[in-house]
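Okay, so here's the structure we're looking at.
There are 2 protein chains.
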Amino acid sequence: MTVATPEAPPSPAISPDDPVLGTEFATEMVRQVRAIDPYGTYDNLSPAEILEPYVLTKAKKREIPIVGDPDEIVVARLQAFYNAIAVMIEQECGLRAIPLLHLSHEGFGRALITVGKLVVMDRTLRDVHRFGFPSLSKMKHEADTLLAVALELIGEHSDVAGL
Amino acid sequence: MTVATPEAPPSPAISPDDPVLGTEFATEMVRQVRAIDPYGTYDNLSPAEILEPYVLTKAKKREIPIVGDPDEIVVARLQAFYNAIAVMIEQECGLRAIPLLHLSHEGFGRALITVGKLVVMDRTLRDVHRFGFPSLSKMKHEADTLLAVALELIGEHSDVAGL
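For the protein sequence lines, the chains are A and B, in the order given.
Position 134 of the first sequence, counted from 1, bears residue number 134 in UniProt numbering, the numbering being contiguous throughout.
Position 127 of the second sequence, counted from 1, bears residue number 127 in UniProt numbering, the numbering being contiguous throughout.
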């Protein structure tokens, strides 16, 4: 799968000094995006530039049609996001977390993360072609929430998570 | 999704008198296949003819190349099989069972059924383009096994299945 270089926006949505870029989550996200970039298109990009497409400011979102089919790049971006969350779950609980993304051509679907026989995250996806967050810190907040809920479930049902 | 009418094989792999055709499983399978046949291509086919493509005798299997991409018809067939199992789980335990099929273009993937937050079936799929069973009764046996394992898990972890 190829990942196209994003066009340089007039004013970047992520500042290179954003403290969120130093967090474990952002580091993992950058690692995941690089992992799905087999041709090294992203090699010369900074972390802020790599995560730029995840931030959909209101102006950027307005340019995307309301109805649309998700392309490969958006799907890869979504996969990288849920992969990063799965990795963070694994790091916290020491058990294997497996992400599973199921999408129809129209951009509806389901994202799941399982640990053992426990579903630790289960989300219905819609309008995947408009996937993005208002800011990098909102994206991290969303990931933190998913992580916290998953870890709580694992704590409560460790027998099923260990199956 | 369109489902092509299978070519009439010289000798059918399923006899119209096969007692398995009268079971709940076969009835549900026929219902599932008809459900993914929006143009009514299957309307005039008997249950034995509808389930015929699921039986891959050795001779039929030999004609399929070892490496190949699964087409839409095979994927729909696989989906109908796991849908039928999910319906049977639902009927037995009274809780909603949701099947999820994730396939790569190369025919590798994962089939999952969840009940609440419990993964009641989790299978790695390979060589999906060669999906099929040696006989109808072997197919029913496989479904029965998956059903029994799922129901046992639900019984043991009813709290998680009820989430």
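Beta carbons are placed, not taken as given, at the ideal position from N, Cα and C, and that holds for glycine.
Everything numeric in this text was worked out from a predicted model, so none of it was measured.
Residue i: CB within 7 Å of a non-hydrogen atom of the ligand MN
| i | result |
| --- | --- |
| B/Leu153 | Looking for the ligand MN in the displayed structure turns up nothing, as the structure carries no ligands at all. |
Beta-carbon gap between residue i and residue j smaller than 8 Å
| i | j | result |
| --- | --- | --- |
| A/Met29 | A/Ala111 | no |
| residue 164 of chain A | A/Leu163 | Within the shown structure, residues of chain A are numbered from 1 to 163, placing residue 164 of chain A beyond reach of any answer. |
| B/Leu78 | B/Phe131 | yes |
| A/Ile66 | A/Val115 | no |
| B/His105 | B/Asp144 | no |
| A/Val120 | A/Ala150 | yes |
| A/Pro48 | A/Pro19 | Before going on, a small fix: residue 48 of chain A reads as Ala here, not Pro. Not closer than 8 Å, so no. |
| A/Thr41 | A/Lys140 | no |
| A/Ile113 | A/Ile89 | yes |
| B/His129 | A/Val160 | no |
| A/Leu101 | A/Gly109 | yes |
Proximity to residue i [Cα-Cα], best of the options
| i | options | result |
| --- | --- | --- |
| B/Phe25 | B/Arg96, B/Gly132, B/Leu136 and B/Gly162 | B/Leu136 |
| B/Ser11 | B/Glu152, B/Leu146 and B/Lys60 | B/Lys60 |
| residue 164 of chain A | A/Glu92, A/Tyr39 and A/Leu125 | The structure shown does not extend to residue 164 of chain A, since chain A is modelled only from 1 to 163, so the question has no answer here. |
| B/Ile36 | B/Glu142, B/Ile89 and B/Ile73 | B/Ile73 |
| B/Asp127 | B/Arg31, B/Arg34, B/Ile89 and B/Asp71 | B/Asp71 |
| residue 180 of chain B | B/Asp122, B/Ala76 and B/Thr27 | In the structure as shown, chain B begins at 1 and stops at 163. Residue 180 of chain B is therefore absent and cannot be evaluated. |
| B/Glu92 | B/Ile14, B/Ala148 and B/Asn44 | B/Ala148 |
| A/Gln32 | A/Glu142, A/Asp122, A/Arg123 and A/Ala86 | A/Ala86 |
| A/Asp122 | A/Arg62, A/Lys138, A/Asp43 and A/Leu146 | A/Leu146 |
Beta bridge counterpart(s) of residue i as assigned by DSSP
| i | result |
| --- | --- |
| B/Pro16 | BP columns for B/Pro16 are empty, so no partner. |
| B/Val55 | B/Phe133 |
>> Would the stretch 56-64 of chain A count as touching the stretch 90-99 of chain A if we require 3 or more Cβ pairs under 8 Å?
In response: no
> Counting only runs that start and end within the stretch 67-94 of chain B, where is the beta strand (DSSP E) found for 3 or more residues in a row?
Replying inline: Along the stretch 67-94 of chain B, the beta strand (DSSP E) does not occur as any fully enclosed run of 3 or more residues.
>> Please give the ranges of any beta strand (DSSP E) in the stretch 82-151 of chain A, keeping only runs that are unbroken, at least 3 residues long and fully inside the region.
In response: 97-103, 109-115 and 118-125
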